[in-house]
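Colleague: Got a structure for you, questions after.
In UniProt numbering, the protein residues as written are 1 to 342.
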């Protein structure tokens, strides 16, 4: 087999089909001016010849790539995976492709991804900041060059641009108020890192509900960690070895709530008879754990759709005053067995 020494171009395809290069180019872009039969023949020939489009060069010519960059902490997180589904669905509807990068919840990787997406000349960037991101300075290549940037879910402190978030204060408030309504008076909280806007707001909502019912905030009942199953298990072991157990727990995500329930079972603690538990996100795990988990629904899929709608408006609109700058999704308490009254 003869080794290929050069890349196939649209000119090679044009010669093979006795067409003009402009016709081939339009056919590959699904231009309606080219009839369906020709478009299909061009695509079939391109595939057979091993043609790979140089979309970077194309974006330089057109000054538009039709590609959106997306930075998330981890695609394995339930909320992020549902948001990504909404983003992917609506981006395709608007004629955009998505390139996804995982920061692994580190600022260093987040900085690297910002520079990579800027170099790739994406038309806009959607981002969920890491749990440790305290400034948005490293996003400045997009800000300085007026390339649309939209944060959703987690937002860096003091960011003044476009954001799509859930009502995290209300979520923390509803979760804690529900536990109080079920008879809880000593309520612990598993919080994410307080460098992150989400967990600051959820903690504030928790404190507000306590204050409303004249229950003093107890610093010893606040456990701050990165909300992974491993970290939550360690926090659960510490909490369950306390001289005085709580009668309620608000966990700032379902992963840590489920880990607590599993650890409580190992300690012979009955849920909800001895400790009632509320999580956050309405993960699939919240429905299949025994007992099923009371949680806060925050509409990940819809948030992803709204994020795409916003960034596409910014890309296509010369007048951005019509674009909602800070959109907040309502949240909802989903009561289940883990907070049932005895």
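A virtual CB, placed ideally from N, CA and C, is assigned to each residue, including glycine.
In whole angstroms, what is the alpha-carbon distance linking residue 282 and residue 11?
Modeller: Taking the chain shown and counting its residues from 1, the one referred to as residue 282 is at position 282. Taking the chain shown and counting its residues from 1, the one referred to as residue 11 is at position 11. Residue 282 and residue 11: Cα-Cα distance of roughly 53 Å.
Colleague: Pick out the complete alpha helix (DSSP H) segments inside the UniProt domain "HTH lacI-type" (8 to 62), 4 residues or longer, and give them in chain order.
Modeller: As far as the UniProt domain "HTH lacI-type" (8 to 62) is concerned, its whole alpha helix (DSSP H) runs of at least 4 residues are 10 to 17, 21 to 28, 36 to 49 and 55 to 62.
Colleague: From residue 327 to residue 115, what does the alpha carbon distance come to, in whole angstroms?
Modeller: Within the chain shown, numbered from 1, the residue matching residue 327 stands at position 327. Within the chain shown, numbered from 1, the residue matching residue 115 stands at position 115. So the two alpha carbons sit approximately 27 Å from each other.
Colleague: Identify the continuous alpha helix (DSSP H) that holds residue 211 and give its terminal residues.
Modeller: Locating residue 211 in the chain shown gives position 211, counting from the first residue. Start and end: 197 to 212.
Colleague: Measuring straight from C-alpha to C-alpha, what distance separates residue 49 and residue 22?
Modeller: Within the chain shown, the letter at position 49 stands for residue 49. Within the chain shown, the letter at position 22 stands for residue 22. Computed Cα separation, rounded: 18 Å.
Colleague: Could you compute how far the alpha carbon of residue 169 sits from the alpha carbon of residue 204?
Modeller: Taking the chain shown and counting its residues from 1, the one referred to as residue 169 is at position 169. Taking the chain shown and counting its residues from 1, the one referred to as residue 204 is at position 204. C-alpha separation (whole angstroms): 6 Å.
Colleague: Is residue 288 buried or exposed, if buried means 16 or more other CB atoms sit within 10 Å of its CB?
Modeller: Indexing the chain shown from 1 puts residue 288 at position 288. It counts as exposed.
Colleague: Kindly indicate which three-state DSSP category residue 151 falls into: helix, strand or coil?
Modeller: Looking up residue 151 in the chain shown gives position 151. Strand, per DSSP.
Colleague: Please go through the stretch 69 to 141 and give each complete beta strand (DSSP E) segment of 3 or more residues, from N-terminal end onward.
Modeller: If we require 3 residues or more, the beta strand (DSSP E) runs fully inside the stretch 69 to 141 come out as 97 to 102 and 124 to 127.
Colleague: Buried or exposed: where does residue 183 fall if 16 or more other Cβ atoms within 10 Å of its Cβ makes it buried?
Modeller: Sequence index remark: in the chain shown, residue 183 carries index 183 (1-based). Exposed, by the Cβ-count rule.
Colleague: Could you spell out where the alpha helix (DSSP H) holding residue 326 opens and where it closes?
Modeller: For the purposes of this step, residue 326 is taken as the residue at position 326 of the chain shown. Unbroken run through residue 326 is the beta strand (DSSP E), 326 to 329; no alpha helix (DSSP H).
Colleague: Buried or exposed: where does residue 244 fall if 16 or more other Cβ atoms within 10 Å of its Cβ makes it buried?
Modeller: What you label residue 244 is simply residue 244 of the chain shown in a count that begins at 1. Exposed, since its Cβ has fewer than 16 Cβ neighbours within 10 Å.
Colleague: Looking only at its chain, what residues have a beta carbon closer than 6 Å to the beta carbon of residue 248, apart from the 5 residues adjacent to it on each side?
Modeller: What you label residue 248 is simply residue 248 of the chain shown in a count that begins at 1. For residue 248, where only same-chain residues beyond five positions count, the Cβ hits under 6 Å are 179, 184, 187 and 276.
Colleague: To the nearest angstrom, how far is it from the Cα of residue 26 to the Cα of residue 36?
Modeller: Working through the chain shown from its first residue, we reach residue 26 at position 26. Working through the chain shown from its first residue, we reach residue 36 at position 36. Those two C-alpha atoms are separated by around 11 Å.
Colleague: Tell me which residues share the same chain as residue 344 and place their Cβ nearer than 7 Å to its Cβ, disregarding the 5 neighbours each side in the sequence.
Modeller: An answer regarding residue 344 cannot be provided, because it is not within the stretch 1 to 342 covered by the chain.
Colleague: Buried or exposed: residue 2, going by 16 or more other Cβ atoms within 10 Å of its Cβ?
Modeller: Residue mapping note: residue 2 aligns to position 2 of the chain shown, counting from 1. With a pLDDT of 39 at residue 2, under the threshold of 50, the modelled position of this residue cannot be trusted; read the value that follows with caution. Exposed, because fewer than 16 other Cβ atoms sit within 10 Å of the Cβ of residue 2.
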